[in-house]
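Position in the sequence shown (from 1) plus 2 gives the number in the working numbering.
Note that the Cβ used here is the ideal one computed from N, Cα and C, for glycine as well.
Structure record follows, encoded as structure tokens.
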Amino acid sequence: MELVKWKYCNPYSNQKYSATRSFQICGRQVLINQLPEEDITLDSNTGNVVWDGAYVMCKYLENVYNWDKLKDCSPPQATCLELGSGTGLAGLTAWLKGVDVYLSDLPTKTGLLESNIAANRHIVTAQNFIQAVPLDWERPEESITPDMKFDLIIGSEIVYYKPLHNSLLKTLILNCQPHHTQVVLSYKPRGLGEEAFFSKAQAKGFTINKIPQDQLDPEFQQLGGYQVVTLRLEPIKYL
Numbered sequence: 003m004e005l006v007k008w009k010y011c012n013p014y015s016n017q018k019y020s021a022t023r024s025f026q027i028c029g030r031q032v033l034i035n036q037l038p039e040e041d042i043t044l045d046s047n048t049g050n051v052v053w054d055g056a057y058v059m060c061k062y063l064e065n066v067y068n069w070d071k072l073k074d075c076s077p078p079q080a081t082c083l084e085l086g087s088g089t090g091l092a093g094l095t096a097w098l099k100g101v102d103v104y105l106s107d108l109p110t111k112t113g114l115l116e117s118n119i120a121a122n123r124h125i126v127t128a129q130n131f132i133q134a135v136p137l138d139w140e141r142p143e144e145s146i147t148p149d150m151k152f153d154l155i156i157g158s159e160i161v162y163y164k165p166l167h168n169s170l171l172k173t174l175i176l177n178c179q180p181h182h183t184q185v186v187l188s189y190k191p192r193g194l195g196e197e198a199f200f201s202k203a204q205a206k207g208f209t210i211n212k213i214p215q216d217q218l219d220p221e222f223q224q225l226g227g228y229q230v231v232t233l234r235l236e237p238i239k240y241l
């Protein structure tokens, strides 16, 4: 019998609000615990389930992102920070690609991240590590990694909430090494002010590059709308 290719948008198995979901990432089965029973609103519990944009990010990191860029970074291992990790799916993908990963979210939300790290530790035998850390964008200097500058920062579906744009930018700037750190964000424009974030980022010295649609996961090329954007902090020099 011919095997049916795994699909994210599977009409015969919709796991979107299941307590546990499974994903095929980097040739491995990744298990993700969710908390769908809690009320999810625009500004609360949004990280309890996997957003489509997180999967778009995963496939970009798996199949398109040039990991060779990080070979000469931060010895002994390149470091990645995921902002607003939620369930941690995107950060787990970076971990599978061989870098040290910090999954971050509000202090009250790290329990879900820790459960998903534990659920997947057995699929990686390399020495790179992964850790859940509390990080409040409104007080990023209180993070347990306040002095670290990361080689890669990722975030999926984290630019939709306009009231937190300034705090998100502050967090990015604090954790970016100018001219070095690569930032990758995925999102779907929903008319909530997402583009305003990138205008503010440019004003703070970030260069911005949109990844062509034909480089995204084929399933989401068909659906349309999803974006992956790369940024780098290049502070403006005044003569």
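{"Asked": "Cβ-based neighbour list, M59, same chain, cut-off 6 Å, excluding 5 preceding and 5 following", "Found": "A92, S158 and S188"}
{"Asked": "Coarse secondary structure for G207, derived from DSSP in three states", "Found": "coil"}
{"Asked": "Counterpart residues of Y189 in DSSP-defined beta bridges", "Found": "Q229"}
{"Asked": "Cβ pair K18, E64 closer than 9 Å", "Found": "no"}
{"Asked": "K164 burial status per 10 Å Cβ neighbour count (16 or more: buried)", "Found": "exposed"}
{"Asked": "N-terminal and C-terminal residue of the beta strand (DSSP E) that G93 is part of", "Found": "First-last for G93: L91 to L98, but that is the alpha helix (DSSP H), not the beta strand (DSSP E)."}
{"Asked": "Cβ shell of Y104 (< 6 Å), same chain only, five flanking positions each side left out", "Found": "L83, Q133 and V135"}
{"Asked": "Cβ neighbour criterion (16 or more within 10 Å) applied to P109", "Found": "exposed"}
{"Asked": "Straight-line gap, S201 to C178 (C-alpha atoms, nearest Å)", "Found": "18 Å"}
{"Asked": "Environment of A203 [buried if 16+ CB atoms lie within 10 Å]", "Found": "buried"}
{"Asked": "Same chain, Cβ closer than 7 Å to P142, five either side skipped, listed in chain order", "Found": "K172, T173 and L176"}
{"Asked": "Classification of S46 by the beta-carbon crowding that lies within 10 angstroms, buried from 16 upward", "Found": "exposed"}
{"Asked": "Alpha-carbon spacing of Y14 relative to F25, whole angstroms", "Found": "Summary for Y14: the model assigns pLDDT 42, below 50, so the residue's position carries little reliability; its value from the coordinates is reported in the next sentence. Rounded to whole angstroms, Y14 to F25 spans 15 Å at the Cα level."}
{"Asked": "Same chain only: Cβ atoms within 7 Å of G86, ignoring 5 sequence neighbours per side", "Found": "G49, D107, G157 and I160"}
{"Asked": "Y228 beta carbon less than 9 Å from that of L194", "Found": "no"}
{"Asked": "Residues near E116 in its chain [Cβ-Cβ closer than 7 Å; skip 5 each side]", "Found": "A134"}
{"Asked": "Close-in-space but distant-in-sequence residues of the same chain around K7 (CB under 6 Å, 5 per side omitted)", "Found": "Any reading at K7 must be qualified, since the residue scores a pLDDT of 46, below 50, and its modelled position is unreliable; no value is offered."}
{"Asked": "Buried versus exposed call for L44 [16 or more other C-beta atoms within 10 Å across all chains shown]", "Found": "exposed"}
{"Asked": "S117, enclosing alpha helix (DSSP H) - first and last residue", "Found": "T112 to N122"}
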